[in-house]
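Number of protein chains: 2
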Amino acid sequence: MPTDDQLATLGAAFDAFARRYKLADALGSDKPLNELDKQTLLYVAEHSECGPTDVARFLGVPNTTISSSTDRLVKRGLIERHRPEADRRAVALRLSAAGKARADGFAAAHLELYRRMLAPLSAEERTRFIAMITKIVSHAD
Amino acid sequence: MPTDDQLATLGAAFDAFARRYKLADALGSDKPLNELDKQTLLYVAEHSECGPTDVARFLGVPNTTISSSTDRLVKRGLIERHRPEADRRAVALRLSAAGKARADGFAAAHLELYRRMLAPLSAEERTRFIAMITKIVSHAD
DNA sequence: ATTGAATAGTACGAAAATCGCAGTATTTGG
DNA sequence: CCAAATACTGCGATTTTCGTACTATTCAAT
Numbered sequence: 023m024p025t026d027d028q029l030a031t032l033g034a035a036f037d038a039f040a041r042r043y044k045l046a047d048a049l050g051s052d053k054p055l056n057e058l059d060k061q062t063l064l065y066v067a068e069h070s071e072c073g074p075t076d077v078a079r080f081l082g083v084p085n086t087t088i089s090s091s092t093d094r095l096v097k098r099g100l101i102e103r104h105r106p107e108a109d110r111r112a113v114a115l116r117l118s119a120a121g122k123a124r125a126d127g128f129a130a131a132h133l134e135l136y137r138r139m140l141a142p143l144s145a146e147e148r149t150r151f152i153a154m155i156t157k158i159v160s161h162a163d
Numbered sequence: 023m024p025t026d027d028q029l030a031t032l033g034a035a036f037d038a039f040a041r042r043y044k045l046a047d048a049l050g051s052d053k054p055l056n057e058l059d060k061q062t063l064l065y066v067a068e069h070s071e072c073g074p075t076d077v078a079r080f081l082g083v084p085n086t087t088i089s090s091s092t093d094r095l096v097k098r099g100l101i102e103r104h105r106p107e108a109d110r111r112a113v114a115l116r117l118s119a120a121g122k123a124r125a126d127g128f129a130a131a132h133l134e135l136y137r138r139m140l141a142p143l144s145a146e147e148r149t150r151f152i153a154m155i156t157k158i159v160s161h162a163d
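In order, the protein sequences belong to chains V and D. Per the working numbering, the very first residue in the first sequence carries number 23; after that it's consecutive. Per the working numbering, the very first residue in the second sequence carries number 23; after that it's consecutive.
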């Protein structure tokens, strides 16, 4: 029962949102990572010792695509592969020191982005906004 | 002056947001469009008679990339190119009937998406939420 | 009027990325 | 103990991006 007008306004806001708050790949690093590799790196940062299949399932892409992605990240020295003793078919992924630095860079950029987003809101509005968006995403279906 | 905790919560919410509210490419159409072509189509829908350069500037990609994109869209019969009398170097883009149908499909999917997002909020919260996000994006830098 | 610079777009091709198919290594279950 | 399942990777076809170089047209300044 939201009005058409509300939906249109929200749509326009989201468009602007997506376009404006696009975090520029942390300059200063060597070559920028493509979107998938960035996602892979961030996932591994949050799930050390995970396997390629975990990443693939989470990101919704085929296993082979993640295999390529991790290949690139290993070649760039951002992540490391190793065989866990427990299951020697598997591969466990973890960040290298350089990878951790890179992931931290992204995290910092994200925080800065969120800070800029919240800047125009008052303290009370911020609280409300965060509460609402949390409500939206935590609503099952 | 948002707290670290607020920023972390917002970040988590955005991640979930981006992952959950990904509009599945309107099934039923023939082959799905890739992301860029979708963006191009939508831009042309909103800016009939625009040129490739306009699209490129808006989307932040090189001109040649848009040239490829419009090529694909023309081949699929979704947009049409023609030479305006006024400036015969230029190319003007517009949707074909099929393209319009496709764009309308996307628009409908978007609306449905927004409806689902707003569903968990009360009428008053919706109003507030939209007002806040509008405030955020209309804030110049 | 002329012509040199600027502008709009495209052709082409190299480099990169995605992902299906098939293959290897290991584990599990009956 | 062996067939099926699981975790991944090698390979290669297809698609996409985008830089360089080109054509066509317009503009601007003499």
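A virtual CB, placed ideally from N, CA and C, is assigned to each residue, including glycine.
Item                                                                                                             : Value
Rounded separation between Phe39(V) and Gly99(V) - CA only                                                       : 33 Å
Closer than 8 Å to chain V by CB, Phe39(D)                                                                       : yes
Cβ pair Leu32(V), Tyr136(D) closer than 8 Å                                                                      : yes
Proximal residues to Leu140(V) (C-beta, below 6 Å), its chain only, five neighbours per side dropped             : Arg148
Cβ pair Leu133(V), Lys157(D) closer than 8 Å                                                                     : no
Nearest-angstrom beta carbon gap, Arg124(D) and Leu63(D) [assumed within contact, 8 Å]                           : 7 Å
Val66(D) beta carbon less than 8 Å from that of Leu29(D)                                                         : no
Strand pairing of Phe135(D), partner residues [DSSP]                                                             : The displayed chain sequence assigns Leu, not Phe, to residue 135(D). Its beta-bridge partners do not exist; DSSP assigns none.
Alpha-carbon to alpha-carbon, Arg111(D) and Asp37(D)                                                             : 44 Å
7 Å Cβ shell around Phe80(V) - same chain, five flanking residues per side excluded                              : Tyr65
Environment of Lys97(D) [buried if 16+ CB atoms lie within 10 Å]                                                 : exposed
DSSP state of Leu29(V) mapped onto helix, strand, coil                                                           : helix
Contact set between Ala131(V) and chain D, taken where Cβ atoms lie within less than 7 Å                         : Neighbours of Ala131(V) on chain D: none; closest Cβ ~11 Å, over 7 Å.
Counterpart residues of Arg116(V) in DSSP-defined beta bridges                                                   : Glu102(V)
Closer than 8 Å to chain D by CB, Phe128(V)                                                                      : no
Exposure of Arg91(D), with buried meaning 16 or more beta-carbon neighbours within 10 Å                          : The sequence given here has Ser at residue 91(D), not Arg. By the 10 Å Cβ count, Ser91(D) comes out buried.
Backbone CA spacing between Val83(D) and Ile155(V) [nearest angstrom]                                            : 31 Å
Nearest to His161(D) (by Cα), restricted to the options Phe151(V), Ser89(V), Arg138(V)                           : Arg138(V)
Contact belief for Ile88(D) with Pro106(D) at Cβ below 8 Å, rounded distance in angstroms                        : At roughly 17 Å, the Cβ-Cβ gap does not stay under 8 Å, so Ile88(D) and Pro106(D) are not in contact.
Ala35(V) classed as buried or exposed, judged by whether at least 16 other C-beta atoms fall within 10 angstroms : buried
Proximity to Leu45(D) [Cα-Cα], best of Ala129(D), Phe151(D), Val159(D)                                           : Ala129(D)
Chain-ordered chain V contacts of Ile101(D) [CB-CB under 9 Å]                                                    : Neighbours of Ile101(D) on chain V: none; closest Cβ ~20 Å, over 9 Å.
Ala153(V): first and last residue of the uninterrupted alpha helix (DSSP H) it sits in                           : 145–160
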